[in-house]
Amino acid sequence: MKNLSLSAVLACLLIPTLALSQSKVADVKVRENFWYKNSVIYNLEVGVFKDSDGDGRGDFNGLIQKLDYLKKLGIDAIWLAPFQPSPGEDDGYDVADFYGVDEKLGTSGDFVEFMHQANKRGIKVIMDLVINHTSDQHPWFKKSRESKTSKYRDWYVWSKERPKDADKGMVFPGVQKEVWTIDKKTNEYYYHRFYDFQPDLNFSNPEVMQESQRIIGYWLNQGIAGFRLDAVPFIIEVPKTGSKKPKLDFDFLTDMRQFAQSRKADAAILGEANVMPEENQNYFGKNGEGIQMMFNFYANQHLFYALATGDLKPFTTAIEQTKKIPEASQWAHFLRNHDEIDLGRLTEKQRNEVYRKFGPDTTMQLYDRGIRRRLAPMLGNNRKHIELAYSLLYSLPGAPVIRYGEELGMGDDLNLKERISVRTPMQWTDEKNAGFTTADTAFRPVINKGDYGFQRLNVAVQTRDQSSLLNWNARMIKLRKSCPEIGLGDYTLLNAGSPDILAIRYDYNGQSLLIVHNFSDKPRKASVASGKSKVLYDLMTDPQDQKPEAGKFKLSLEGYGYKWFRLDHIIP
């Protein structure tokens, strides 16, 4: 992306000011109270980000050292993966104490200092809330196993007999064998949607619900701005109603939101719920009384099909199908996250086409439904294709979520177990262990070979190179943040005159954007109806501003090209 044109600068600086001066008080309150609407969220794991004490594992003090890097990148909120005490059998998602900080990552004091330093820089912090299950080493489960009459017995889900569907509803097919496991101590079966060392909590028990509220209240009191709620559909399962199609208690989500906001008015909950479009309202609530945000897994899966094949129709259909959500609600869009790319909502034919392009080797595939790779390797390290994907991410209707290291184009390590392949240490420099740790060996291997090895791919090198992917992402994030219409406005998919081009228009408070993306690796021309607009102000390059011909804007896009415009009816 070249320097912004003069008209683009005027558009970025003048338009928001003019719009705010004319907007209603209610619209200003929307901007202030719904901070998550336009936030750029950065997901990281403390243990693989930066080690400050040379023990080979990242920690909160190391993260503090890198807050200025995140601020410069332009992110608004950090989403922390689990950092509470854990045996670490599922990379921290097997929590053994909901109220502490894992000593391997630092102390509670270190966490408090991290929160202070993040807030001082205007960076909000959301954390993983993993309350569907606990570790089997959690004191609650240990007490639950002591006796069938234990106070904590009903905090989990037990069965005297092995249920008939014990081998159904597994989260990790091909790795996990069942969802009911015999406890030899009490000779009864306990329920676990995930691994057998992660017994599910029983949220039909009021005491469990009350405890979950205490956990939420505790962390909000520590300064947390919100929660990424792990495995939402499994939390709200009504026990013993079947693993395949269980009954769901959606009132739980309303109660959770109300409690969180009673403690902190602007607290937000971002739900992990991979559901069909017709189920969205159940999670958001009919009038937005449910959780405020959800990851748009449905659109994400069809996006990867579009990136793999160039076929846009299923993706545009998915964007249309997920359009209707309450005003206070918001989608979170992403390219890569900490897990596999879930392709379960695609048809078998579509899924196989994505496999063929992005995960042809079975070692790249996982759980019979996904791909365990980072974005750059999947796209063949093709810079133009990577830019297209990220430009699209920043322009999709919702809040963009970036995975640590993706701003550099980091690779994956398929020698590591399951999802750990995309959880390797952050690559800071070309020094030993990528500058991640001064220890002789990192607790998890750093990528040190090939195009993605830390010797050639790291923050230090890319910071110095203005054309690097890191600096390109920083510029794109700045552009995204100058366009509040994306998070707040209404959007329309336009006919671009080419099946390879996605054209989307945003309108909010008298402001309008037009953003186009070419999914073909060949040059394409777009023809978009101009309506009442007479000029397009190019926000990315410095040619003459576009004017319509015969009622249409004629645009040329290079292979995997993209362009962002403002429409003229704002500036006289």
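Residue numbering for the sequence shown is -21 to -1, 1 to 551, as defined by mature numbering (1 follows the signal peptide of the UniProt record, and there is no 0).
Here a beta-carbon is modelled for each residue, glycine too, at the ideal position from N, C-alpha and C.
Exercise. Return yes when the Cβ of residue 61 is within less than 8 angstroms of the Cβ of residue 76, no when it is not.
Key: no
Quiz item: Can you name, in chain order, every residue of its own chain whose Cβ lies under 8 angstroms from the Cβ of residue 84, other than the five neighbours on each side?
Solution: 25, 26, 36, 37, 38, 39 and 62
Exercise. Would you mind reading off the limits of the beta strand (DSSP E) that contains residue 205?
Key: 205 to 208
Quiz item: So, using beta-carbon positions, are residue 401 and residue 415 closer together than 8 angstroms?
Solution: no
Quiz item: residue 106 bridges to which residues according to DSSP?
Solution: 59 and 206
Quiz item: Under a three-way DSSP split, which group does residue 475 fall into?
Solution: coil
Quiz item: Near residue 246, which residues of its chain fall below 7 angstroms by C-beta distance, leaving aside the five closest residues on each side in sequence?
Solution: 199, 204, 205, 239 and 240
Quiz item: Would residue 265 pass as a contact of residue 144 if the rule is Cβ separation under 8 angstroms?
Solution: no
Quiz item: Relative to the C-alpha of residue 295, which residue among 310, 432, 277 and 261 is closest?
Solution: 277
Quiz item: With respect to the alpha helix (DSSP H) encompassing residue 573, which residues constitute its N-terminal and C-terminal limits?
Solution: No statement about residue 573 is possible, as the shown extent of the chain runs from -21 to 551 and does not include it.
Quiz item: How big is the Cα-Cα spacing for residue 254 and residue 51?
Solution: 35 angstroms
Practice problem: Return the CA-CA distance between residue 33 and residue 316, expressed in angstroms with no decimal places. | Solution: 27 angstroms
Exercise. Alpha carbon to alpha carbon, how far is residue 404 from residue 220? Give it in angstroms, no decimals.
Key: 41 angstroms
Practice problem: Give me the Cα-Cα distance between residue 532 and residue 516, rounded to the nearest whole angstrom. | Solution: 12 angstroms
Quiz item: Which parts of the region 295 to 372 are runs of the alpha helix (DSSP H), unbroken and 4 residues or longer, counting only runs that do not cross its ends?
Solution: Runs of the alpha helix (DSSP H) spanning 4 or more residues and lying entirely within the region 295 to 372 occur at 327 to 337 and 354 to 357, in chain order.
Quiz item: Is the region 494 to 513 touching the region 378 to 393, taking contact as three or more C-beta pairs under 8 angstroms?
Solution: no
Quiz item: residue 413: buried (16+ other C-beta within 10 angstroms of its C-beta) or exposed?
Solution: The residue is buried, with at least 16 neighbouring Cβ atoms inside 10 Å.
Quiz item: Which whole-angstrom value is the C-beta distance of residue 379 and residue 470, which I expect to be below 8 angstroms?
Solution: That pair is no contact at about 15 angstroms.
Quiz item: Of the choices 251, 233 and 280, whose alpha-carbon is the least far from that of residue 267?
Solution: 233
Practice problem: Would you grab the beta carbon distance between residue 374 and residue 483 for me? Rounded to a whole angstrom, and I think it's under 8 angstroms. | Solution: 7 angstroms
Exercise. Would you mind giving the Cβ-Cβ distance between residue 365 and residue 448, rounded to the nearest angstrom? I have them listed as a contact below 8 angstroms.
Key: 7 angstroms
Self-check item: Whole-angstrom distance between residue 56 and residue 269, CA atom to CA atom
Solution: Across the structure, residue 269 and residue 56 are spaced so that their CA atoms are roughly 21 angstroms apart.
Quiz item: Does the separation of the CB atoms of residue 259 and residue 301 fall below 8 angstroms?
Solution: yes
Quiz item: Going by DSSP, which residues form a beta bridge with residue 112?
Solution: Per DSSP, the beta-bridge partners of residue 112 are 179.
Quiz item: If you draw a straight line from the C-alpha of residue -2 to the C-alpha of residue 243, how long is it?
Solution: Bear in mind that a pLDDT of 36 at residue -2, under 50, signals an unreliable position, so the number given afterwards is only what the model happens to contain. Their Cα atoms are separated by approximately 26 angstroms.
Quiz item: So, helix, strand or coil for residue 491, using DSSP?
Solution: strand
Quiz item: Taking DSSP as the reference, what is the three-state secondary structure of residue 90?
Solution: Of the three classes helix, strand and coil, the one that applies to residue 90 here is helix, per DSSP.
Quiz item: Where does residue 469 sit, in a helix, a strand or coil, going by DSSP?
Solution: strand
Quiz item: What's the call for residue 326, buried or exposed, on a 16-neighbour Cβ count within 10 Å?
Solution: In summary, residue 326 is exposed, with fewer than 16 beta-carbon neighbours lying within 10 Å of its beta-carbon over all protein chains present.
Exercise. Output the boundary residues of the beta strand (DSSP E) element that contains residue 170.
Key: 167 to 170
Exercise. Have a look at 110, 490 and 479 and flag the residue whose alpha-carbon is nearest the alpha-carbon of residue 461.
Key: 490
Quiz prompt | Nearest candidate by alpha-carbon position, reference residue 108, set 249, 187 and 45 | solution = 249
Exercise. Return the CA-CA distance between residue 549 and residue 155, expressed in angstroms with no decimal places.
Key: With a pLDDT of only 44 at residue 549, under 50, the local geometry of the prediction cannot be trusted, and no value is derived from it.
Quiz item: Start and end of the beta strand (DSSP E) containing residue 506?
Solution: It spans 503 to 508 - the beta strand (DSSP E) in which residue 506 sits, taken as one unbroken run.
Practice problem: Let me know the secondary structure DSSP gives residue 21 once reduced to three states. | Solution: strand
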